[in-house]
Amino acid sequence: MQVSSEDRQFMAQAIELARQGVSLASPNPHVGAVVLDGQGKIRGTGFHTYADLKHGEALALERAGTLARGGTLYVNLEPCCHQGRTGPCTDAIIAAGVKRVVAATVDPNPLVAGNGIEKLRIAGIIVETGLMQAEAQKLNEAFAKYIRYRQPLITLKSALTLDGKIAAPQNDNRGRSAPGEQASTSSSWITGDEARAHVQMLRHESDAIMVGVGTVLADDPLLTDRTGRPRRRNLLRVILDSRLHLPIESRLVKTVQGNNDVLVFCSFAEEKKRRALEERGVRVEQVPLGVGDGRPDLVAVAKRLGALEITSLLIEGGAMVNWTALASGIADKVFLYYAPRILGGSDSIPFAGGRGFQRMADAARIRDISIHRFGDDFAVEGYLRDPWEAPTDPIAREKN
Numbered sequence: 148m149q150v151s152s153e154d155r156q157f158m159a160q161a162i163e164l165a166r167q168g169v170s171l172a173s174p175n176p177h178v179g180a181v182v183l184d185g186q187g188k189i190r191g192t193g194f195h196t197y198a199d200l201k202h203g204e205a206l207a208l209e210r211a212g213t214l215a216r217g218g219t220l221y222v223n224l225e226p227c228c229h230q231g232r233t234g235p236c237t238d239a240i241i242a243a244g245v246k247r248v249v250a251a252t253v254d255p256n257p258l259v260a261g262n263g264i265e266k267l268r269i270a271g272i273i274v275e276t277g278l279m280q281a282e283a284q285k286l287n288e289a290f291a292k293y294i295r296y297r298q299p300l301i302t303l304k305s306a307l308t309l310d311g312k313i314a315a316p317q318n319d320n321r322g323r324s325a326p327g328e329q330a331s332t333s334s335s336w337i338t339g340d341e342a343r344a345h346v347q348m349l350r351h352e353s354d355a356i357m358v359g360v361g362t363v364l365a366d367d368p369l370l371t372d373r374t375g376r377p378r379r380r381n382l383l384r385v386i387l388d389s390r391l392h393l394p395i396e397s398r399l400v401k402t403v404q405g406n407n408d409v410l411v412f413c414s415f416a417e418e419k420k421r422r423a424l425e426e427r428g429v430r431v432e433q434v435p436l437g438v439g440d441g442r443p444d445l446v447a448v449a450k451r452l453g454a455l456e457i458t459s460l461l462i463e464g465g466a467m468v469n470w471t472a473l474a475s476g477i478a479d480k481v482f483l484y485y486a487p488r489i490l491g492g493s494d495s496i497p498f499a500g501g502r503g504f505q506r507m508a509d510a511a512r513i514r515d516i517s518i519h520r521f522g523d524d525f526a527v528e529g530y531l532r533d534p535w536e537a538p539t540d541p542i543a544r545e546k547n
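Count along the sequence shown from 1, then add 147; that gives the number in this note's numbering.
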């Protein structure tokens, strides 16, 4: 498509509108829309939140009214063409008399996946795609993974020294691998204030956070989203606890807010302890043990979280949880914060423990790397797999 400065300006505005739906639209995608009249003047804008039902396109068209006729619609995701919780956006666009639609990227939902664009073109509407596609796909990467695989986008997040250590031997609390939590003393922290503040933004963008019970026993964390920004549902706090050692007196248990706030995955459950936790609002579910590691099967955990409509999971575990996530193949990306420190020594705790990959050829490979700076610290963001890559056997289930 021929891209003008105005096209880029209005698409950037649509993407910024879509970002306003972060933590409010899940399990649906983040969608923002801008409607121009025939003279190129903005007449309507909108973004989607799950509670409001209406999609960003429908809201923008509604606000534009008859002024949308002969105009242009900018949207960060291909308009839907199927009946879900609301009617197809393509029908609303056609009825409004829009002349041109600019969509940043095709919808990864197998029920749409180009069909919305085709329907608009058959109706005589000019449709152009690809403008700011990378930005649009980044915004909806969790939705892309979830809608195709029915599992959350899973991110491994940790704070490390330059030599890859998450804790010193004498203050091994499984290592402040969750920067942003309150440590027993500030000397335990690896990264600085800016990096720890950014972790809260990652939590805000996630549906769930997960740690092993060892982190709970050592740190007694809250694992909350402390940005103060609105959410449709609480950040689900997930604990891997094979033998149900979660303390009744832990801050996690004491701060439970309903059945969808703290979820423990175990493989063996002493009935009395299970009842005690459930009486306090903790949700306990049993899954099989993973092969050879004595921990709950993370593949089964990922599938169960997907069934609960969790589209994104942030893992803030220690060395063994990190290794198990890598070895099981459930991790999609990493966000690793590095501080300008070197611990050294064989007793310091590495990012990933366990057996490790035995050959360099088998090592987990990170692609599409981005570097972020936070004061004296920096972070490496990268992907083990592309969340927009279509599965070989797509699941065409409606979730809209």
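All C-beta atoms in this analysis are idealised placements derived from N, C-alpha and C, irrespective of residue type, glycine included.
Every unbroken alpha helix (DSSP H) within the segment 256-341, with a cutoff of 4 residues, ordered by chain: 262-269, 280-286 and 288-296
Tell me which same chain residues have a C-beta within less than 8 Å of the C-beta of P316, skipping the five on either side of it? G492, D494, S495 and I496
If you count every other CB in all the chains shown that lies within 10 Å of the CB of V438, and 16 or more means buried, which is it? exposed
Rounded straight-line distance, which links the Cα of Y293 to that of R216: 35 Å
Just list the residues that DSSP pairs G359 with in beta bridges. L387
Under a three-way DSSP split, which group does K480 fall into? strand
Close-in-space but distant-in-sequence residues of the same chain around N146 (CB under 6 Å, 5 per side omitted): Residue 146 is absent from the structure shown; the chain starts at 148 and stops at 547.
Measure the Cβ-Cβ separation of R376 and H345 and say whether it is below 8 Å. no
Nearest-angstrom Cα separation, counted from F415 out to H392: 10 Å
Selected residue, minimal CA-CA separation from K266, among F290, C227, V249 and V385: C227
DSSP three-state call for L460: helix, strand or coil? strand
Assign T332 to one of two classes, buried (16 or more other C-beta atoms within 10 Å of its C-beta) or exposed (fewer than that). Caution applies to T332, whose pLDDT of 44 falls short of 50 and renders its modelled position unreliable; the model cannot decide the point.
Please return the same chain residues whose Cβ sits closer than 6 Å to the Cβ of F157, not counting the five positions on each side in sequence. V181 and Y221
Output needed for A559: all residues of its chain with C-beta closer than 6 Å, excluding positions within five of it in sequence on either side, in chain order. This structure cannot speak to residue 559, because the chain is shown only from 148 to 547.
Distance between beta carbons of V446 and I477, contact taken as under 8 Å: 6 Å
Closest to G191 by C-alpha separation, out of G179, A207 and H202, would be which residue? A207
Could you tell me if V150 is buried or exposed, where buried requires 16 or more neighbouring beta carbons within 10 angstroms of its beta carbon? exposed
Name the residue from S152, S475, Y530 and A466 whose alpha carbon lies nearest to the alpha carbon of G501. A466
In chain order, what residues of the same chain have a beta carbon less than 8 Å from the beta carbon of S475, not counting five sequence neighbours either side? G437, D444, L445 and V446
Give the C-beta separation of E432 and R451 to the nearest angstrom, bearing in mind that I take them to be a contact with Cβ-Cβ under 8 Å. 7 Å
With distance defined between alpha-carbon atoms, name the residue in G179, S173 and A172 nearest to A159. G179
Can you tell me where the alpha helix (DSSP H) holding G453 begins and where it ends? L445 to A454
From T362, R390 and S353, residue whose alpha carbon lies closest to that of R373: S353
May I ask you to list the residues that DSSP assigns as paired with E528? F482 and S517
Using three-state DSSP, classify G191 as helix, strand or coil. strand
Coarse secondary structure for I162, derived from DSSP in three states: helix
Pop quiz: V468 and G359 are said to be a contact at Cβ under 8 Å. What is the actual Cβ separation, rounded to whole angstroms? 4 Å
Could you round the C-beta distance between A314 and A486 to whole angstroms and report it? I think they count as a contact, below 8 Å. That pair is no contact at about 12 Å.
Based on the DSSP secondary-structure assignment, which residues constitute the bridge partners of Q98? Outside the shown range of the chain (148 to 547) lies residue 98, about which nothing can therefore be said.
First and last residue of the beta strand (DSSP E) that includes E225? Neither: E225 is in no beta strand (DSSP E) and is coded neither H nor E.
Can you tell me the Cα-Cα spacing of S335 and V363, whole angstroms? 16 Å
Please work out which residues of its chain come closer than 6 Å, Cβ to Cβ, to G327, disregarding the five sequence neighbours upstream and downstream, and give them in chain order. Reliability of the predicted coordinates at G327 is poor, the pLDDT of 43 falling under 50, and the value obtained from them is presented with this limitation in mind. Within the same chain, G327 has close Cβ partners R343, V346 and Q347.
Check whether the Cβ atoms of L164 and G203 sit closer than 8 Å, and answer yes or no. yes
When DSSP labels each residue in this structure, what does R350 get in the three-state scheme? helix
Is E282 near L300, with beta carbons less than 8 Å apart? no
When you compare only the Cα positions, how much space is there between I518 and I162? 22 Å
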